[in-house]
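According to this note's numbering, the sequence shown is numbered sequentially starting from 3. All residues carry an ideal CB built from backbone N, CA and C; glycine is no exception. In this text, all values refer to a predicted model and were calculated from it rather than measured experimentally.
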Amino acid sequence: MKWGFFKNRKSIVLVVLAIILFALVAEVWAGPPMGHGRRHHLRHHRGHHGQGFAGQGFCPQGRFTVQAPDDILNQKNPLEPSQEVIYAGESLFELEVQPVACKICHGVNGNGLGIMAQGLNPSPRNFTCQETMKDISDGQLFWIIRNGSQGTGMPAYKELEDREIWQIIHYIRQFGKPRRK
Ligand code: HEC
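Written out as structure tokens, the structure is:
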């Protein structure tokens, strides 16, 4: 009697385990999360949200960008990379900057594959590419953000205050660091 009860419990446990396992397999099988009630591919989802496309981007990336004048080239970012500064940079980069947010070309993830990146030659800088980014000074980034890169898709952002540009630069540098969030 005792023995039979124990056996029975064991089989209940097994059934429960089997159900959990099935649920797990089914979840993986079903693929990426739903986008507005339809299951579709992550790439597609990002695309229709104007977030650009997932991927590594070009790396290393050839650079033919004009160099900033020496005194600016050697400038270091005067701001501390605090949470607030990086957050401010993020808001500007992803949303607030006029007339077009940086993400439209450089991608939400900074990989250079924003929705407007297609057809741009040279292609927007891939900020996740350490190999290319490590050789670009803060001052150089500053110069190009303010003045644009003549003859390419990179517009000048004359309206941004110095402080805002430095905030954006701290944010951009985050992309090259191992996994944020
Ligand atoms: C319309 C598309 C577009 C938008 C919008 C745009 N960029 Fe770019 N960006 C480019 C392209 C294209 C390049 C590559 C230019 C080159 O190779 O000279 C580039 C290059 C850069 C570089 C690299 C400079 C260097 O010396 O290598 C930086 C930094 C940069 N962009 C920052 C920004 C920031 C910050 C914003 C928003 C404030 C922004 N971009 C908005 C297209 C864009």
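Residue burial annotation: P80 is exposed, with fewer than 16 other C-beta atoms found within 10 angstroms of its C-beta. Distance from the C-beta of G178 to the nearest heavy atom of ligand 1 is not below 7 angstroms. Within the same chain, Y173 come within 7 angstroms of E92 by CB-CB distance, once the 5 residues on both sides are set aside. Closest option to F129, judged by alpha-carbon separation, among G155, F60, P71, L97: F60. A Cβ-Cβ distance of about 6 angstroms is found for the pair E96 and A103, placing them in contact under the 8 angstroms criterion. For F144, the three-state secondary structure derived from DSSP is helix. Looking at I171, G153, N111, the one whose alpha-carbon comes closest to that of I147 is I171. Counted as a single uninterrupted DSSP element, the alpha helix (DSSP H) harbouring R175 occupies residues 164-176. When the five nearest sequence neighbours on each side are left out, the beta carbons in the same chain lying within less than 7 angstroms of the beta carbon of D140 are those of Q77, K78, N79, I171, in order along the chain.
Taking the C-beta atoms as reference points, Q169 is found no nearer than 8 angstroms to V99. Segment contact: the stretch 143-160 against the stretch 102-122, three or more CB-CB distances shorter than 8 angstroms; contact assigned. A distance below 8 angstroms separates the beta carbons of Q69 and Q142.
The residue among V18, V27, S151 with its C-alpha nearest the C-alpha of S125 is S151. Residue environment for R65: exposed (fewer than 16 other C-beta atoms within 10 angstroms of its C-beta). Annotated as distal: P180 and E133, with beta-carbon spacing of 8 angstroms or more.
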